[in-house]
Amino acid sequence: MSREGRQVTSLRAALSLVDSAVLAPIYRDPRGRLRLVFIRRGPHGIHGGQIAFPGGRREPEDPDLLATALREAEEEVGLEPGRVEILAALPVIETMATGFRVAPFLGRLNGAPPTWRRQETEIDEILEEPLEDLTRPDAHAVEYWQLPGWPAPREIPFYRIGPYKLWGATYRIVESIRDYLETHDV
2 MSREGRQVTS LRAALSLVDS AVLAPIYRDP RGRLRLVFIR RGPHGIHGGQ IAFPGGRREP
62 EDPDLLATAL REAEEEVGLE PGRVEILAAL PVIETMATGF RVAPFLGRLN GAPPTWRRQE
122 TEIDEILEEP LEDLTRPDAH AVEYWQLPGW PAPREIPFYR IGPYKLWGAT YRIVESIRDY
182 LETHDV
């Protein structure tokens with residue numbers, strides 16, 4: 002394929018991405034440790050069983066992607082928008098394999114974390130992971146994976162969270178959060 006053909010193909014792929022947003026809730030626990038709030042998606046759907054931040058696709062009634070992230074966090078884990086102070090809009094992530102353009106927002110919880118209300122049809126589990134646990138050398142690994150639709154195995158970095166592997170777009174968002182926290186207090 003010519004260079005121009007690849008550019009047209011790339012442009013078509015970029016234009017067909019579905020706009021979505023996630024909220025990365027963060028808070029300090031009673032011991033002063035920073036914790037990130039993740040969800041483990043139910044077994045169904047394109048991201049079934051994966052560790053993620055609360056979020057989803059933009060709906061027509063959402064005025065912007067921040068509204069999408071806040072709406073989805075309230076629907077999926079019961080986090081009321083008034084309980085969140087948005088600290089940063091993080092770099093947008095594109096998931097070419099699944100066709101999403103994800104706008105991540107880092108949000109500090111005001112006060113103690115709420116009693117989570119899991120949306121049982123979509124979410125299997127809510128996880129509150131200490132950020133320091135993700136920085137331990139044994140929490141990070143790389144493996145070669147062959148997933149459906151991939152022409153060849155790829156090297157996939159991930160974090161271990163208990164028995165789960167946090168990878169893909171969520172992994173890249175966590176890396177952006179770590180970069181942000183190097184120069185900002187929470």
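For the sequence shown, the numbering used here gives the first residue as 2, with consecutive numbering after it. Positions of the beta carbon are idealized from the N, C-alpha and C atoms, including for glycine.
Compare the beta carbon distance of A53 and V93 with 8 angstroms and say whether it is the shorter of the two.
no
Quick check: the segment 28–43 against the segment 113–129, are at least 3 beta-carbon pairs closer than 8 angstroms?
Segments in contact, yes.
Apart from the five residues just before and just after R4, which ones in its own chain have a Cβ nearer than 8 angstroms to its Cβ?
For R4, the predicted model reports a pLDDT of 49, less than 50, meaning its position is unreliable; a value from the coordinates is still stated below. Within the same chain, R4 has no close Cβ partners at all.
Out of curiosity, what's the CA-to-CA distance linking P138 and G163?
14 angstroms
Looking at the unbroken beta strand (DSSP E) that takes in D180, where does it start and where does it end?
D180 -> not in any beta strand (DSSP E); alpha helix (DSSP H) instead, spanning 169–182.
May I have a chain-ordered list of the beta strand (DSSP E) segments no shorter than 3 residues that lie completely inside the segment 18–94?
19–29, 35–42, 56–58, 85–90
By the 10 Å Cβ neighbour count, where 16 or more other Cβ atoms means buried, how is T69 classified, buried or exposed?
By the 10 Å Cβ count, T69 comes out buried.
Measuring only the C-alpha atoms, how far is R109 from W117?
15 angstroms
Which class does H141 belong to by DSSP, given the choice of helix, strand or coil?
Here H141 sits in strand by DSSP.
What are the partner residues of R118, as DSSP defines its beta bridges?
According to DSSP, which records beta bridges pairwise, R118 is partnered with nothing at all.
Between the alpha carbons of P115 and I27, how many angstroms are there, rounded?
Distance between P115 and I27, taken at the CA atoms: about 12 angstroms.
D134 by DSSP, collapsed to three states: which one?
helix
Report back the beta-carbon spacing between Y160 and V175 to the nearest angstrom; my notes put them in contact at under 8 angstroms.
Contact between Y160 and V175 holds, with the beta-carbon distance rounding to 7 angstroms and staying under 8 angstroms.
Out of curiosity, what's the CA-to-CA distance linking L132 and L18?
L132 and L18: Cα-Cα distance of roughly 30 angstroms.
D187 by DSSP, collapsed to three states: which one?
Note that residue 187 corresponds to Val in the displayed sequence, not to Asp. The answer is coil: DSSP assigns V187 none of H, G, I, E or B.
Skipping 5 residues on each side, what residues in its chain have a beta carbon closer than 6 angstroms to that of L135?
Y160
Count the other C-beta atoms from every protein chain shown that fall within 10 angstroms of the C-beta of G150, then say buried if there are 16 or more, exposed otherwise.
Under the 10 Å beta carbon count, G150 is surrounded by fewer than 16 other beta carbons and is classified as exposed.
Classify A113 as buried or exposed, calling it buried when 16 or more other Cβ atoms lie within 10 Å of its own Cβ.
exposed
Would you check if the distance between the CB atom of Y181 and the CB atom of L71 is smaller than 8 angstroms?
Taking the C-beta atoms as reference points, L71 is found no nearer than 8 angstroms to Y181.
For the beta strand (DSSP E) that G1 lies in, which residues bound it at each end?
With the chain represented from 2 up to 187, any question about residue 1 goes unanswered, as that position is not in the structure.
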